[in-house]
Every structure is written in C-alpha cells, then in structure tokens.
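Worksheet: one structure, shown below.
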Amino acid sequence: MKGSRKGDLGWLSWPVVALLLSWLTPVASAAELRPVANIFKPLSAPAESVFEVSLLALLVCAGIFLVVGGLLTYAVIKFRAKPGDDGKEPPQIYGSNQLEMAWTVIPILIVFVLVLVTARTIADVQNAKLPADALKVLVVGHQWWWEIHYPDHGVVTANELHIPVSAREQRRPTALTLESADVIHSFWVPQLAGKTDVVPNRANAMWVEPYATGTYLGNCAEYCGTQHAKMMLRVVVESPEEFAKWIASQKSPAANDPAARAGRALFLKTSCVNCHRVAGTAAVGVFGPDLTRLMTRETIAAGAAPNTPEKLRDWVRNPQSIKPGCLMPDMQLRSDEVDLIVAYLLTLK
Ligand code: HEC
Ligand SMILES: [Cu+2]
C-alpha cells in the first residue's frame with residue numbers, strides 16, 4: 001500500500017516538469033515570429049540574460065517545491081490517522097541542532113547564489129558597452145501612447161518603433177532614452193529586454209539588440225491611468241536595408257495629394273492642429289501623435305484599433321468610443337466633415 005501511495009507523489013510533479021519543458025523548447029522557428037509577448041522566448045541580448053536568471057530562479061524554486069511538497073505529501077500519507085490508533089499524542093521531540101543548521105544555512109546559500117547571479121546580470125546589462133554607431137532613439141511616454149524620435153534622422157513617429165536586426169558579424173543594438181511627458185510609465189517589450197520605468201523629469205537609458213526580424217509586442221507596465229491597458233507598443237525589427245528604406249520614407253516630405261485638398265483644408269482649419277503635427281503644414285501640435293506618416297502604422301491609438309479606414313473613421317468621429325477616457329476629445333464633427341478629414345488622413349503615407 002505504501003508503494004501505491006508513493007506513486008501519487010510522482011504524478012504531482014508532472015505538471016511542473018511539463019511547464020518547465022514548454023519553456024525550454026527552442027525559439028527561433030519562423031512561424032513563431034508572430035507577435036507574442038512571452039518572456040520565455042527571448043530574441044534579444046538583454047532579454048536573454050533576464051530569461052537565464054529567471055530560469056535559474058524557477059528551477060531552484062521548483063526544486064524547493066518538490067522537496068517540501070514531497071516531504072509534506074509523504075508525511076500526510078504515512079502518518080495519517082489509521083483505524084485502531086489509540087488517539088494518544090505521538091512522542092513530542094524538541095530541537096535538533098543539525099536540522100536547524102540545515103534549514104538555516106541551505107536557504108541562506110540559495111538566496112546568496114540568487115543575489116549574486118542577479119546582481120551580475122543587472123550589472124552586465126547596465127554596463128554593456130554599445131558600439132558608438134548604435135542607433136539612438138528617444139521614447140517619450142504619454143497618457144496613453146508612445147512618442148518616438150530618431151534624433152540622428154529627424155524622424156518622429158508614434159507607438160511603432162522600427163529598429164534594425166543585429167547580427168554576430170555586425171552588431172546593431174539600439175540605445176533607447178526613455179522620458180515621460182506626464183506620469184510614470186514603464187517600457188516593456190518582453191522578448192527584447194526587461195522593464196525600464198519611464199519617469200517624469202528624468203531620462204532613463206536602456207538598450208535592445210534583437211537577433212530575429214519580426215514584430216514584437218510590448219505594453220506599458222506601470223499603471224498610468226484609465227487607458228493604461230491600451231498603451232501598447234510594437235517593435236518592428238527589420239533587416240538593415242528595410243530599416244534604411246523605412247527611415248528614408250519617413251523623412252520624405254509629407255504627402256499633399258490634390259484629391260484630398262478639401263479634407264486637408266478642413267483638417268488645417270480644425271483644432272486638430274493644436275494637438276497634431278503634419279510636417280510641412282500649419283499643423284504643429286505636439287500633444288498628440290505626429291500624423292505625418294499615419295498610414296505607415298499598423299494600428300492607431302497605441303494598438304487600441306487596427307489602422308483601417310473604418311476604424312480611423314470611428315476614431316475621428318469619436319475617439320472616446322474606441323478608447324474611453326483618452327486625451328483626444330470627441331471633436332463633434334458632422335459626418336461629411338469626418339469623411340473629408342479621413343480621406344485626407346488616408347493619404348498620409
Ligand atoms: C486636445 C488634443 C487633440 C485634438 C484637438 C485632436 N487630437 Fe487626435 N489625438 C490626441 C491624442 C492625445 C491622441 C492619442 C490618443 C491615445 O492613443 O491615447 C490622438 C490620436 C489621434 C489619432 C491616432 C494617431 C495614432 O497614430 O495613433 C488620429 C488619427 C487623430 N488623433 C486624429 C485627429 C484629428 C483628425 C483631429 C481633429 C478632428 C484630432 N485628432 C484632434 C489629441 C488630440
Ligand atoms: Cu501605463
């Protein structure tokens with residue numbers, strides 16, 4: 001009977017083993033490069049270091065869980081009340097120097113190892129020397145969207161960060177400076193790096209070095225108000241050629257399609273221009289996202305909706321219907337005005 005009970009214990013550990021195995025599965029197959037925000041599939045240098053430390057911590061914890069859970073299960077089964085017990089208390093044993101030493105010293109050693117490994121990893125990531133020509137990007141967190149600047153290229157965009165992929169022969173890391181326009185946010189793209197807080201009146205620095213192309217999903221990771229959950233971030237990692245093409249396209253003058261002249265005139269007459277910028281026009285607002293290349297983005301409003309003509313129309317009609325509480329007010333435009341303005345926005349590629 002004892003033997004069959006011991007079988008129960010092995011069964012208990014299977015879910016843990018399965019979970020650990022699923023984390024250990026290889027990562028780089030092409031089909032998996034769809035946007036997944038998974039810290040267990042790192043595809044960039046700092047994220048890999050974070051992953052290794054978390055794996056170590058998880059394995060140590062799993063080991064402790066198995067030992068403690070195993071002993072507990074064993075004791076519960078072995079020493080449960082049996083028919084015919086006399087109901088008396090078992091012998092009470094107090095104090096064992098060996099045991100007390102063991103359960104004091106072993107945890108201290110475990111914590112010590114974890115502290116050392118963690119501190120070393122943090123130092124490695126923070127003190128990493130980036131090549132002098134690393135791409136520089138300034139990211140400014142706003143309630144509830146991300147402003148993105150490429151100071152060396154004069155490019156401004158929002159919510160979708162394009163960066164080049166790194167290679168062993170030719171490292172191409174990206175150095176990020178993080179600032180906030182209002183409250184504390186946190187920049188987090190799980191497959192690229194750990195979280196870094198985005199703090200008002202302070203410039204924080206971090207870097208990423210992805211080694212696979214694709215789109216990576218991120219999210220603000222510090223509660224920053226009503227629409228915090230819809231403050232998403234896309235990082236599009238491209239080959240150096242594609243990245244150069246993207247930069248060039250962002251730099252060329254804003255579209256001025258004669259077919260959208262009426263919409264453009266209306267847009268420039270409406271208070272949209274107080275909050276939004278379209279390069280080369282009278283729209284110079286910086287409170288909201290730069291719209292110069294709006295149509296090169298996959299999503300609008302920090303991932304709250306796909307950037308389709310229908311959703312764009314819903315947004316301009318009343319942004320509060322898509323992102324309630326967001327800082328773009330319902331502009332109370334008539335339906336025909338919305339159509340004109342959206343027709344103009346659709347030309348901003
Ligand atoms: C009071 C300032 C303000 C005004 C006025 C304003 N917007 Fe906005 N707009 C914003 C803010 C802030 C956001 C970002 C909202 C978010 O994602 O939370 C935004 C987002 C947008 C977006 C999505 C951009 C993107 O890349 O995600 C579009 C398009 C847009 N506005 C168009 C307009 C148009 C057209 C008008 C005029 C009819 C207008 N806005 C008026 C502040 C404003
Ligand atoms: Cu947030």
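My numbering numbers the first residue of the sequence shown as 1 and each following residue consecutively. The beta-carbon is built from N, C-alpha and C at its ideal position, and this holds for glycine as well.
Distance from the Cα of Leu192 is smallest, within the candidate group Leu346, Leu345, Phe40 and Leu348, for Phe40. If the five residues before and after Leu294 are omitted, its C-beta is found closer than 7 Å to the C-beta atoms of Leu345 and Leu348, all from its own chain and listed in chain order. In this structure, DSSP gives Ala62 a helical state, which the three-state scheme calls helix. Using a 10 angstroms sphere on the CB of Tyr150, the tally of other CB atoms reaches 16 or more, which defines it as buried. At least one heavy atom of ligand 1 lies closer than 7 Å to the C-beta of Arg297.
An exposed status is given to Gln92, since fewer than 16 other beta-carbon atoms sit within 10 Å of its beta-carbon. Excluding its 5 nearest sequence neighbours in each direction, Ala45 has C-beta neighbours in its own chain below 6 Å: Glu209, listed in chain order.
Within the stretch 68 to 146, the runs of alpha helix (DSSP H) at least 4 residues long that lie entirely inside it are, in chain order, 97 to 126. Cβ-Cβ distances below 8 Å link Asn38 to Pro190 and Gln191 in the same chain, with the five nearest sequence neighbours on each side left out; the list follows chain order.
Gln143 is positioned such that its CB atom lies closer than 8 Å to that of Val183. A straight line joining the alpha-carbon of Ala304 with that of Ile110 spans about 43 Å.
Rounded to whole angstroms, Glu298 and Arg171 show a C-alpha spacing of 27 Å.
Rounded to whole angstroms, the gap between the alpha carbons of Ala279 and Arg317 is 23 Å. Phe51 sits in a helix when the DSSP states are folded into three classes. Of all residues, those with a beta-carbon under 6 Å from at least one heavy atom of ligand 2 are His185, Cys220, Glu222, Tyr223, Cys224, His228 and Met231, reported in chain order. If you check the CB distance, Trp146 and Ala175 do not come in under 8 Å.
Of the residues assessed, Ser335 falls on the exposed side of the cut-off, its CB having fewer than 16 other CB atoms within 10 angstroms.
Under the three-state reduction of DSSP output, Val198 falls in the strand class. Exposed is the label assigned to Ala167, since fewer than 16 other Cβ atoms lie within 10 Å of its Cβ.
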